[in-house]
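A.B. asks: So the sequence lines, in the order shown, correspond to chains Y and Z.
Quick note: the first sequence uses the numbering used here, first residue 12, plus one each step.
Quick note: the second sequence uses the numbering used here, first residue 12, plus one each step.
Take this structure first; my questions come after.
There are 2 protein chains.
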Amino acid sequence: MTNQDLILLGHGGGGVLTHRLIAECIAPALKNPILEQMDDAACFPAPGRNLVFTTDSFVVDPVFFPGGDIGTLAACGTLNDLAMQGAKPFYLTLGLILEEGFPVADLKRVIRSLADAAHSIGVQVVAGDTKVVERGKGGGIYINTSGLGVRSPRTSVHVANAKPGDAVIVTGTIGDHGMAVMSRRQGLEFETALESDVAVLWPMVEPLLKALGPALHVLRDPTRGGVTAALCDIAEAATCGVRIRQRAVPVTPAVKGACGLLGLDPLNVANEGKAVVVCAPEAAEQALEILRRTPLGKNAVRIGTVTDRHPGAVVLETEIGGERRLAMPAGEELPRIC
Amino acid sequence: MTNQDLILLGHGGGGVLTHRLIAECIAPALKNPILEQMDDAACFPAPGRNLVFTTDSFVVDPVFFPGGDIGTLAACGTLNDLAMQGAKPFYLTLGLILEEGFPVADLKRVIRSLADAAHSIGVQVVAGDTKVVERGKGGGIYINTSGLGVRSPRTSVHVANAKPGDAVIVTGTIGDHGMAVMSRRQGLEFETALESDVAVLWPMVEPLLKALGPALHVLRDPTRGGVTAALCDIAEAATCGVRIRQRAVPVTPAVKGACGLLGLDPLNVANEGKAVVVCAPEAAEQALEILRRTPLGKNAVRIGTVTDRHPGAVVLETEIGGERRLAMPAGEELPRIC
């Protein structure tokens, strides 16, 4: 590998090298008329009245993992934050922090993954920035994406909007992303059976928003902290209790096995292609039907109910008939999962 | 210093520790109704029809430097990118990548600086994200900010909008930011006389936009790569030549001295509180008057002219009467300056 194949400090200096890196390795994959103005900011007409604006940084280790890479994740994570507000994603920005010595070929591959995920729902990357830090001051590549979307004025999904009696649904098996990353990081044997679920959720969310209208109360993507953190957020924000049945929670045998080996609870493990859906009880069957018709939601299942008992608390009804309160994970179990 | 005073990996895990860090160290300084929804994305009405969207990551080393810190820089850099499009800044997002072991007190100080700069022009930080990487995988703190602003439909400032005959103005002395950072990094003696010019440019830009209207052609902040890179961008985008007089370029004695010692050209050194202004020749005097009435623009001066000679090239008329073509800096001279 020659020096030309690796990121140099000068690639972040804002001069000739930066321009060349962007022109050769970044812009081609992201090609669109707004970005091509190549100004320091993107100008465009407001895509709608009710805007949704979000940001996320991605530091996942390793950069490439079974089922995706940091580029897929950086697009999906931010696009999904918009979708979880009921917002159609329109635009992304891309902030790169590269470590000196990172392979240019890997950068191209990551940008291609990011572009593919964004373009799959017609989202354009309209502005970007590239910085380079010295060897030993980074993790190969860190990515920030910010996203801008638009939501219908009729949408009222919000984490505080859960109501006693509501159905709690997950849109598929849980823990896949976290265990895929962990397995690659630890070089575990069961690696081959584990694959991240990283995916753009909007195509699954859009028909749900349209069909359920105001009966759809909460959408939440169970990323860091897993389903447990998502449910704790909902219980706290809505001052309701949440009860889920362990038996109903879908987990693949591979994730269950890996979690057992590492002493992790799948409920606490990150997902990047799933949603927790809370809706009015009378809409629950319709929600499941709609979700199961989409490729991402084919394993959707109801796992529990919102209750006015124990406000603020999430309670698991265990497989052996007991009850256990789920606490917000401390956050130490799975560092750098996204 | 106890462990509680330092950033831990768990602060980035998305659980209890992350929530506590945000609630205690980040949210209080940024307090506003949109952020307080504490959802994964911020929802608000579109602040105008013509949106401007930008992103920037900040990796400056050292984190604290004479005249500011990475927080000041992270606010000003992105707000100024909006202002340079003629856009009034409205909203910021804040993406933090913290290194395990970074002092919590330093984080609070940085967030305070960022909030002060944003609030000085009524901008709110409406969404954020916090990640933590292991010791030796970061630089203490890296910050990404994305910004959303609105520009008047009558504004046509654009880097390609320079026309032969236009006046080229800089709004004050150049090279201050870059040399302040370099001096602190290298522990140079002349450090005391050097201070970054980092500042929010909108209060200087707003009256200029209003008064000059379509006679204002280009606004560009000469950050990485300095005035040279800004002028090269203009010459290339507008397919014009730019001629500047070295004698007219304002440089403090301290910056001149430090540049001499380090073998740097002040024209290539980063600024964070200056603008390059290109306007119709008949508006040049008015532009200078307006700029000089603002605190940030009091040393504004015309340094040159756009020409139809040598399209794409920037030519310096030297103090000794010669001519020298200025090339886009390679980008290697001053790494991690912002």
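In this text, a Cβ means the ideal position worked out from N, Cα and C, and glycines have one as well.
Please give the ranges of any beta strand (DSSP E) in the segment 115-200 of chain Y, keeping only runs that are unbroken, at least 3 residues long and fully inside the region.
C.D. replies: List check, beta strand (DSSP E) in window: 135-144, 152-162, 178-181.
A.B. asks: In chain Z, what lies closer than 8 Å to Y:A286 by C-beta?
C.D. replies: For the purposes of this step, residue 286 of chain Y is identified with residue 275 of the first sequence, where counting begins at 1. Within 8 Å Cβ-Cβ: nothing; Y:A286 doesn't reach chain Z, min ~12 Å.
A.B. asks: Relative to the C-alpha of Z:E217, which residue among Z:H30, Z:G150, Z:N91 is closest?
C.D. replies: Your numbering for residue 217 of chain Z matches position 206 in the second sequence. Nearest C-alpha to Z:E217: Z:N91.
A.B. asks: Measuring CB atoms only, is the segment 76-89 of chain Z touching the segment 157-170 of chain Y, in the sense that at least three cross pairs come out at less than 8 Å?
C.D. replies: No: the two stretches stay apart, fewer than three of their Cβ pairs being nearer than 8 Å.
A.B. asks: Under 8 Å, with one C-beta from each stretch per pair, do the segment 303-313 of chain Z and the segment 230-245 of chain Z reach the 3-pair mark?
C.D. replies: Too few Cβ pairs lie closer than 8 Å, so no.
A.B. asks: Kindly indicate which residue of Y:L20, Y:G26, Y:A52, Y:L19 has the alpha-carbon position closest to the one of Z:V238.
C.D. replies: Working through the second sequence from its first residue, we reach residue 238 of chain Z at position 227. Checking every option, the nearest Cα to that of Z:V238 belongs to Y:G26.
A.B. asks: Just reading off the beta strand (DSSP E) that Z:E111 is part of, what are its end residues?
C.D. replies: Sequence index remark: in the second sequence, residue 111 of chain Z carries index 100 (1-based). Counting along the chain, Z:E111 falls outside any beta strand (DSSP E), and DSSP gives it neither H nor E.
A.B. asks: Nearest to Z:A311 by CA position, among Z:P322, Z:V317, Z:H321, Z:A298, is which residue?
C.D. replies: As a position in the second sequence, residue 311 of chain Z is number 300, starting the count at 1. When only C-alpha atoms are compared, the closest one is Z:A298.
A.B. asks: Leaving aside the five residues before and after Y:P261 along the sequence, list all residues of the same chain whose C-beta is less than 6 Å from its C-beta, in chain order.
C.D. replies: For the purposes of this step, residue 261 of chain Y is taken as residue 250 along the first sequence, with counting starting at 1. Cβ within range, chain order: T184, N310, V312.
A.B. asks: Whole alpha helix (DSSP H) runs in the segment 203-232 of chain Y with 4 or more residues, listed along the chain?
C.D. replies: Listed in chain order, they are 213-223.
A.B. asks: Could you give the DSSP three-state label for Z:R335: helix, strand or coil?
C.D. replies: The count along the second sequence starts at 1 and reaches residue 335 of chain Z at position 324. DSSP places Z:R335 in strand when its eight states are reduced to three.
A.B. asks: Determine the DSSP secondary structure at Z:M12, reduced to helix, strand or coil.
C.D. replies: Your numbering for residue 12 of chain Z matches position 1 in the second sequence. Only weak support exists for where Z:M12 lies, its pLDDT of 49 falling under 50; the value from the coordinates is given anyway. In the structure shown, Z:M12 sits in coil (DSSP, three-state: anything other than H, G, I, E or B).
A.B. asks: Using the Cα positions of Z:R347 and Y:V317, report the straight-line distance between them to the nearest angstrom.
C.D. replies: Sequence index remark: in the second sequence, residue 347 of chain Z carries index 336 (1-based). Sequence index remark: in the first sequence, residue 317 of chain Y carries index 306 (1-based). Approximately 50 Å, taken between the alpha carbons.
A.B. asks: Taking the C-alpha atoms as reference points, what is the distance between Z:Y102 and Z:A57?
C.D. replies: Numbered from its first residue, the second sequence carries residue 102 of chain Z at position 91. Numbered from its first residue, the second sequence carries residue 57 of chain Z at position 46. Their Cα atoms are separated by approximately 11 Å.
A.B. asks: Could you tell me which of Y:G236, Y:A249, Y:M215, Y:K142 sits nearest to Y:V229, measuring between CA atoms?
C.D. replies: By 1-based counting over the first sequence, the position of residue 229 of chain Y is 218. Nearest C-alpha to Y:V229: Y:A249.
A.B. asks: My understanding is that Z:A265 touches Z:A204, with C-beta atoms under 8 Å, so please give their C-beta distance in whole angstroms.
C.D. replies: As a first step, residue 265 of chain Z is located in the second sequence; it is residue number 254 there, counting from the start. As a first step, residue 204 of chain Z is located in the second sequence; it is residue number 193 there, counting from the start. About 4 Å separates the two Cβ atoms, so the contact holds.
A.B. asks: Can you pull out the residues from the segment 126-140 of chain Z whose beta carbon lies closer than 7 Å to at least one beta carbon of chain Y?
C.D. replies: Answer set for the segment 126-140 of chain Z: V137, A138, G139, D140.
A.B. asks: Note down, in chain order, all residues in the segment 51-84 of chain Y with a beta-carbon under 9 Å from any beta-carbon belonging to chain Z.
C.D. replies: Cβ contacts with chain Z: D51, A52, A53, C54, F55, P56, A57, P58, G59, R60, N61, L62, V63, F64, T65, T66, D67, S68, F69, V70, D72.
A.B. asks: Short check: CB of Z:G24 to CB of Y:G342, under 8 Å?
C.D. replies: Here residue 24 of chain Z refers to the residue found at position 13 when the second sequence is read from its first residue. Here residue 342 of chain Y refers to the residue found at position 331 when the first sequence is read from its first residue. Yes, the pair counts as a contact, with Cβ atoms nearer than the cut-off.
A.B. asks: Where in the segment 44-73 of chain Y do unbroken runs of the beta strand (DSSP E), each at least 3 residues long, occur, reported from the N-terminal end onward?
C.D. replies: Correct list: 53-56, 61-69.
A.B. asks: Skipping 5 residues on each side, what residues in its chain have a beta carbon closer than 7 Å to that of Y:H321?
C.D. replies: Looking up residue 321 of chain Y in the first sequence gives position 310. So the list reads G252, once near-sequence residues are dropped.
A.B. asks: Return the residue from the list Z:F75, Z:L109, Z:G332 that minimises the CA-CA distance to Z:A259.
C.D. replies: Stepping through the second sequence from its first residue, residue 259 of chain Z is reached at position 248. With distances taken between Cα atoms, Z:A259 lies closest to Z:G332.
A.B. asks: For Y:V71, which residues of its own chain have a beta-carbon under 7 Å away from its beta-carbon, when the five flanking residues on both sides are left out?
C.D. replies: One-based indexing of the first sequence puts residue 71 of chain Y at position 60. So the list reads I81, L84, V192, R347, I348, C349, once near-sequence residues are dropped.
A.B. asks: Show which residues of chain Y have a CB atom less than 8 Å away from the CB atom of Z:Q96.
C.D. replies: Counted from its first residue, the second sequence places residue 96 of chain Z at position 85. Those are D50, D51, A52, C54, listed as they occur along chain Y.
A.B. asks: Using only the alpha-carbon positions, how far apart do Z:I154 and Y:L41 sit?
C.D. replies: For the purposes of this step, residue 154 of chain Z is taken as residue 143 along the second sequence, with counting starting at 1. For the purposes of this step, residue 41 of chain Y is taken as residue 30 along the first sequence, with counting starting at 1. Going from the Cα of Z:I154 to the Cα of Y:L41 covers about 23 Å.
A.B. asks: Do Z:L46 and Z:V136 come within 8 Å of each other at the CB atom, strictly closer than that value?
C.D. replies: Walking along the second sequence from the start, residue 136 of chain Z turns up at place 125. Walking along the second sequence from the start, residue 46 of chain Z turns up at place 35. Closer than 8 Å, so yes.
A.B. asks: What are the start and end residues of the alpha helix (DSSP H) that includes Z:V238?
C.D. replies: Position 227 of the second sequence holds residue 238 of chain Z. Residues 237-249.
A.B. asks: Express the C-alpha separation of Z:G106 and Y:G176 in angstroms, rounding to a whole number.
C.D. replies: Start at 1 with the first residue of the first sequence, and residue 176 of chain Y comes out as number 165. Start at 1 with the first residue of the second sequence, and residue 106 of chain Z comes out as number 95. For Y:G176 and Z:G106, the distance between alpha carbons rounds to 37 Å.
A.B. asks: Check whether the Cβ atoms of Y:P100 and Y:V74 sit closer than 8 Å, and answer yes or no.
C.D. replies: Your numbering for residue 100 of chain Y matches position 89 in the first sequence. Your numbering for residue 74 of chain Y matches position 63 in the first sequence. No, Cβ-Cβ distance for Y:P100 and Y:V74 is not below 8 Å.
A.B. asks: Quick one: does Y:P277 have its CB under 8 Å from some CB of chain Z?
C.D. replies: Residue mapping note: residue 277 of chain Y aligns to position 266 of the first sequence, counting from 1. Not closer than 8 Å to any Cβ of chain Z, the Cβ of Y:P277 fails to qualify, so no.
A.B. asks: Hey, does Y:V317 have any beta-carbon neighbour from chain Z nearer than 8 Å?
C.D. replies: What you label residue 317 of chain Y is simply residue 306 of the first sequence in a count that begins at 1. Judged by the 8 Å Cβ criterion, Y:V317 is not in contact with chain Z.
A.B. asks: To the nearest whole angstrom, what separates the beta carbons of Z:W213 and Z:A94, a pair I think is in contact under 8 Å?
C.D. replies: To locate residue 213 of chain Z, count along the second sequence from 1; it is residue 202. To locate residue 94 of chain Z, count along the second sequence from 1; it is residue 83. With a Cβ gap of about 5 Å, Z:W213 and Z:A94 count as contacting.
A.B. asks: Can you tell me the Cα-Cα spacing of Y:M12 and Z:N282, whole angstroms?
C.D. replies: Reading the first sequence from its first residue, position 1 is the one you call residue 12 of chain Y. Reading the second sequence from its first residue, position 271 is the one you call residue 282 of chain Z. Because Y:M12 carries a pLDDT of 49, less than 50, the predicted location of this residue cannot be relied on, and no value is offered for it.
A.B. asks: Could you name the residues of chain Z that Y:R235 contacts, counting a contact when the two beta carbons are closer than 7 Å?
C.D. replies: As a working note, residue 235 of chain Y is residue 224 in the first sequence. Result: G24, G25.
A.B. asks: Taking all protein chains shown into account, do 16 or more other C-beta atoms lie within 10 angstroms of the C-beta of Z:R364, making it buried, or fewer, making it exposed?
C.D. replies: Residue coverage of chain Z in this structure runs from 12 to 349, which leaves residue 364 of chain Z outside it and unanswerable.
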